[in-house]
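Asker:
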Amino acid sequence: MSRGTAGPLTVVIALGTAQTIAWASSYYLPAILAAPIASDLGLAPTYVFGALSGALVISGLLGPRVGHAIDTFGGRSMLAVSNLVFAAGLGLLSVAYGVAVLIAAWILLGIGMGMGLYEAAFATLARIYGANARRTITGITLIAGFASTLGWPLTTWLATEYGWRAACQLWAIIHIGLALPLNLALPRAAPLHQEAGPSTGASQQQSGRQSETFAMILLAYMFAAASFVSSGVSAILPTMLVAFGATPAQALLAGALVGPAQVGARLLEAGWLGRFHPLLSARLAMLMNPIGVLALVAGGPWLAPLFTVLYGAGNGIITIARGTLPLALFGPAGYGRRVGMISLPSRATGAFAPLALGLMVEHLGSGALWIGALASVSAFVALLLLRGDQTV
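Numbering-wise, the working numbering puts 1104 at position 93 of the sequence shown, and it's gapless, one number per residue.
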């Protein structure tokens, strides 16, 4: 499928590292820099998080077009250009002294996110490896799963020692000096030829299109519900656990287990679960959050660590399913465009989920966890309507 000579492991390491940089310098940046940016500009931190939400919406809207371009030309150049856009956005953010430049910077970062985060990386791997891309998709998520683990301490140290503006500038330099060469080192994808199948009647073709549309709607809903739970709960996890009766110390200790649980679940997906259809992994993942909530209700705050482990494990597997499930159901042809369309609603729900669940915690207290559990159950039901032999 490719004209490059790099082996799968080399590709996974290169793309996984580039993805770590992309996530750490965009999606995870406001968690550390929102307060100093807002203080320096005389704004509330909400403005910075609102800019991130807008960037997520922009990235979602770009998804189908970016995916179609990767389907047509391959993703190597697209990912490389995203590094330039990221660097421009971070550079502009570093010289922001008012709301207008702040917004302009996050518009650029939103464009970079649409061109350079997981969906684009998954589509690139699908163009290189075709139907055999599952293991490489899992591989890059294993590496990029450490984006916050590595990015937050580095950003914190830079902001503390040199200021938030220098932190943004250094991330821009890392994009140009490290991520850009790594993405340019990826194999070039060869043209994807669709073999002509046996002649089918109009009714059969229409049925196939309807089946594909129905499957895409179910996947879009499932990922949107999963994104609502993931983004919302991650943003206010300690607050939610305290509302459930945990002490702040218990909540922080439990929250620290989310990252290791995500990595552990991805290792499980790379090993034992990798022998089964991705639908099984996705269904198991969507049940983990509701089971965790039930455990928390039954055992009280002492079982908060079990809840966060299950929640983190579910998130880890679903991240992989975003790439592997559409590939298994629809095949590599047109993969990028499909993933872009399927992921668009999840970008929107992920953008407003922290605010929505924050308000729920404020008015409903621990009841907000039940809202998240119900959303996960509804996604599980949607997955039950899909079949492993539903390839179209």
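Even glycine gets a Cβ: it sits at the ideal position worked out from N, Cα and C.
Please read these numbers as outputs of a predicted model, since none were measured by experiment.
1. Are the beta-carbon atoms belonging to V1059 and A1045 less than 9 Å from one another?
2. Check each candidate in V1106, G1109, A1155, R1146 and name the one with the smallest Cα separation from L1026.
3. When the Cα of L1189 is compared with those of N1143, N1094, V1068, I1139, which residue comes out closest?
4. Would you call S1214 buried or exposed, if buried means 16 or more other Cβ atoms sit within 10 Å of its Cβ?
5. Beta-carbon separation of L1104 and L1113 under 9 Å?
6. Using C-beta distances below 6 Å, list every residue in its chain close to N1326, excluding the 5 sequence neighbours before and after it, in chain order.
7. Here's the rule I'm using: 16 or more other beta-carbon atoms within 10 Å means buried, otherwise exposed. How should L1307 be labelled?
8. Within 10 angstroms of its Cβ, does Y1129 collect 16 or more other Cβ (buried), or is it exposed?
9. Kindly indicate which three-state DSSP category A1386 falls into: helix, strand or coil?
10. Flag this pair as touching only if the region 1129-1143 and the region 1256-1269 have three or more C-beta atom pairs under 8 Å; answer yes or no.
11. When the distance is taken between beta carbons, is L1073 closer than 9 Å to I1122?
12. For L1370, does the three-state DSSP call read helix, strand or coil?
13. Quick check on S1159: buried or exposed, where buried means 16 or more other Cβ atoms within 10 Å of its Cβ?
14. By how many angstroms is the C-alpha of A1170 removed from the C-alpha of A1393?
15. Could you give the residue range of the alpha helix (DSSP H) that holds I1048?
16. Do I1353 and S1292 have their C-beta atoms closer together than 9 Å?
17. Given A1359, which residues of its chain have a CB within under 7 Å of its CB, disregarding the five upstream and five downstream residues?
18. Should A1324 and A1276 be called a contact, given that it needs their Cβ atoms to be closer than 9 Å?
19. Measure the alpha-carbon distance for A1315 versus L1395 and round it to whole angstroms.
20. Hey, G1086 and G1351: beta-carbon distance below 9 Å or not?
21. If G1342 sits next to A1142, beta carbons under 8 Å apart, how far is it from one beta carbon to the other, in whole angstroms?
22. Along the chain, where does the alpha helix (DSSP H) containing W1168 start, and where does it finish?
23. Taking a contact to mean a Cβ-Cβ separation below 9 Å, would you say G1256 touches G1311 in this structure?
Answerer: Looking at the coordinates:
1. yes
2. A1155
3. N1094
4. Its pLDDT being 42, under 50, S1214 is placed unreliably by the model, and the measurement read from it follows with that caveat. By the neighbour-count rule (16 or more Cβ atoms within 10 Å), S1214 is not buried but exposed.
5. yes
6. S1241, Q1273
7. buried
8. buried
9. helix
10. no
11. yes
12. helix
13. buried
14. 44 Å
15. 1041-1052
16. no
17. V1068, G1071
18. yes
19. 29 Å
20. no
21. 6 Å
22. 1158-1173
23. yes
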